[in-house]
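Data first, discussion second: the structure below is written as structure tokens.
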Amino acid sequence: MLREMKAKSAQNAFKLEEEEIKRLKEISRDLRVWIIRMLAEAGSGHPGGSLSAIDILTVLYFHTLRHRPQEPQWPLRDRFILSKGHGVPALYACLAKAGYFPMEDLLTLRKVSSILQGHPVAETVPGIEASTGSLGQGLSIAQGFALASKMDGTHYRVFSMIGDGETQEGQIWETAMSAAKWQLENLIVFLDYNKGQIDGPVKEIMDLEPLASKWTSFNWDVQEIDGHDIAQILNAIDRTRGIPGKPHLIIAHTIKGKGVSFMEHKIEWHGKAPTKEERDAAIREIEDTPI
Amino acid sequence: MAHKATRSSFGEAIVKLGEKDPQIVVLDADLGKSTMTGDFAKKFPERYFEFGIAEQNMISTASGLALAGKIPFATSFACFLVGRYENIRMSVAYSRANVKLVGTHAGVGIGEDGYSQMGTEDIALLRSLPDFVILQPADDRETQAAVQWASLYKGPVYLRFTRQKVHDVHDDHYQFKFGKGDILKSASSKDGHKAKVAIFTTGGVVYNSLKAAEELDKEGIDSSVINIHTIKPLDKDLVLELARAHKQIVSIEDHSIIGGLGSAIAEIVAEAGISTKLLRLGVKEFGYSGSPEDLYEKFGFSIPKIKQSILSFITTESK
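Chain order of the listed sequences is A and B.
Note that our numbering gives residue 240 to position 222 of the first sequence, counting from 1, and the numbers run on in steps of one.
Note that our numbering gives residue 119 to position 35 of the second sequence, counting from 1, and the numbers run on in steps of one.
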């Protein structure tokens, strides 16, 4: 009897997880469409790194983060710092969908009177914690939040996302050293490893490999996942709870431009907006792709 | 007469403030022995963060701490802080983070270590950032007051301190007034007669400027001396008032003559259409090694050199 109940409960949990994954996939599909729409409307911006990041951001904003979109300054909220600031269309889409500001505002991205600047700005946009866009700095800012959280005993967690190209910045490694020194187990960092940067493939521009062992040797807890697999993202975040005394790095292998076949793996889509025709084709493809 | 480096006054002030306000934290990049944060570190180890030699990490982390509600004082030599200008620009200024940057070892007055350790362009760089407050106190009392003011003010502040000891120019009654020029000596000319020269000065050279002005008195040169502790926002009204009331203006600062106090005065005076001539005394070349006294002589900041420069300026202009 007990065994049956256990089996049934496990089955239910599995089913619940399946449903949750499906829900998150639907959200990220919707947000992909918004990313394309807003970039086409803006006429400039970074689709490649927004689409590579969106599945992770979806999990954070619609599953993991403790936050109150109606009360953006809630002191106990978990923090998210987008260190790779150029991926901000993905973040704006999440914030709008979560209710920080109206979805229609997304279409004002990069326009002169819009709050939605080309890169994140603290204070002016509800839900944006820090100004970023100069690579290497956001991770240190996240570290500052994590230190404050530990000092105050508030136990909020601090999430951050850095880019792979960004990892070439020396400041990233300064923070890699210091976050381990201060044993910031409340700091969880995703590395969006989409393998491309403006001037070409990361491997050719300035290879990061061996990447995981670099971070391990800096005393971080390191995991490697498929950054588009919702279940893997969820599991990786769950797993960080059980590892005390170390900051966490989740190397997320992703695809630049993920979800739009003509953008995928293409460096030229790092910082180029789709035309109207490209926008329509991209949205059609995203919407037609089964979940 | 007390004789103390303003960095030492800062070290004392921050401990006192730390006792009152638990949100105050101090950050260091392996220069705590020089930025005088040792007492704070001993007293409040849980509020003291040693970054090692990694200033950009320190500055950006200060931003995160501030955005999370702390009041971080991030300290290093002035030149090493502004060497990470872009971190100050992005992580601090543009994030509107309540960070206090403490730059010690201002100017050529540091002496023997030479140019690589001298902050000689820091004011110029930070003055260009919107809403960034720049304070440079002249003595112990003013430093204590300025540090306290900075801890209560919400927003980015740059505090500039000397390595070398400085003489007091204030007594016990001194009241620090943010944004206001501090008149140390008023010219005696009255009834619409223009006085000879208004001397605007700041930081480590204030005492010598005042003494030089007293020497000029003996030569019959009527002068005013204004200590500018708040370089940004500058006391525009006072600058204009004194530029109109004096025949000449002089600025004296241990900083590049480009972008510092002299430049700020020139901007205000020129924009107002006032034709009073301005002499800027400051650093015009790379600094170098030597005793602080020898360097002040060499760079024109000794009492006789200041006096001489002003005398020849006035004479030339009067011809």
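Where is the CB? At the ideal position from N, CA and C, for every residue including glycine.
In this text the structure is predicted, and so the values were computed from the model without any measurement.
Integer Cβ distance of residue i from residue j, believed to fall under 8 Å
| i | j | result |
| --- | --- | --- |
| residue 274(A) | residue 283(A) | 6 Å |
| residue 288(A) | residue 215(A) | 7 Å |
| residue 158(B) | residue 111(B) | 4 Å |
| residue 288(B) | residue 338(B) | 5 Å |
| residue 209(B) | residue 178(B) | Actually they are not in contact, since the Cβ atoms of residue 209(B) and residue 178(B) sit about 15 Å apart, beyond 8 Å. |
| residue 38(A) | residue 309(A) | Going by Cβ atoms, the distance from residue 38(A) to residue 309(A) rounds to 13 Å, so no, they are not a contact pair. |
| residue 252(A) | residue 51(A) | So it is not a contact: roughly 23 Å between Cβ atoms. |
| residue 96(A) | residue 175(A) | 5 Å |
| residue 245(B) | residue 190(B) | 6 Å |
Bounding residues of the beta strand (DSSP E) (the contiguous stretch that carries residue i)
| i | result |
| --- | --- |
| residue 244(A) | 239-244 |
| residue 332(B) | 330-340 |
| residue 210(A) | 205-211 |
| residue 242(B) | 241-244 |
| residue 179(A) | 176-181 |
| residue 280(B) | 279-285 |
| residue 98(A) | 97-100 |
Beta-carbon spacing of residue i, residue j below 8 Å
| i | j | result |
| --- | --- | --- |
| residue 120(A) | residue 207(A) | no |
| residue 196(A) | residue 138(B) | yes |
| residue 311(B) | residue 222(B) | yes |
| residue 147(B) | residue 181(B) | yes |
| residue 184(B) | residue 156(B) | yes |
| residue 305(B) | residue 390(B) | no |
| residue 187(B) | residue 379(B) | no |
| residue 210(A) | residue 182(A) | yes |
| residue 140(B) | residue 192(A) | yes |
| residue 121(B) | residue 102(B) | no |
Short CB-CB distance (under 8 Å) between residue i and chain B
| i | result |
| --- | --- |
| residue 184(A) | no |
| residue 235(A) | no |
| residue 159(A) | yes |
| residue 317(A) | What is shown of chain A runs 19 to 309, which leaves residue 317(A) out entirely. |
| residue 155(A) | yes |
| residue 78(A) | no |
| residue 189(A) | yes |
| residue 198(A) | no |
| residue 148(A) | yes |
| residue 139(A) | yes |
| residue 165(A) | yes |
| residue 162(A) | yes |
| residue 152(A) | yes |
| residue 203(A) | no |
| residue 224(A) | no |
| residue 121(A) | no |
Segment limits, alpha helix (DSSP H) that includes residue i
| i | result |
| --- | --- |
| residue 92(B) | 90-104 |
| residue 378(B) | 376-382 |
| residue 67(A) | 65-77 |
| residue 302(A) | 294-306 |
| residue 193(A) | 188-199 |
| residue 229(A) | 229-235 |
| residue 139(A) | It is not in any alpha helix (DSSP H) - residue 139(A) carries neither H nor E in the DSSP assignment. |
| residue 170(A) | 156-170 |
Residue-chain proximity (residue i, chain A), Cβ-Cβ < 8 Å
| i | result |
| --- | --- |
| residue 169(B) | no |
| residue 210(B) | no |
| residue 178(B) | yes |
| residue 141(B) | yes |
| residue 116(B) | no |
| residue 153(B) | yes |
| residue 130(B) | yes |
| residue 262(B) | no |
| residue 145(B) | yes |
| residue 185(B) | no |
| residue 175(B) | yes |
| residue 148(B) | yes |
| residue 138(B) | yes |
| residue 135(B) | yes |
Beta bridge counterpart(s) of residue i as assigned by DSSP
| i | result |
| --- | --- |
| residue 120(A) | In DSSP, residue 120(A) forms no bridge with anything. |
| residue 87(B) | 251(B) |
| residue 112(B) | 134(B), 159(B) |
| residue 219(A) | 214(A) |
| residue 266(B) | 311(B) |
| residue 268(A) | 208(A), 241(A) |
| residue 203(B) | 190(B) |
| residue 305(B) | Paired residue(s): none; residue 305(B) is not in a bridge. |
| residue 184(B) | 157(B), 241(B) |
| residue 367(B) | 340(B) |
| residue 316(B) | 218(B) |
| residue 361(B) | 332(B) |
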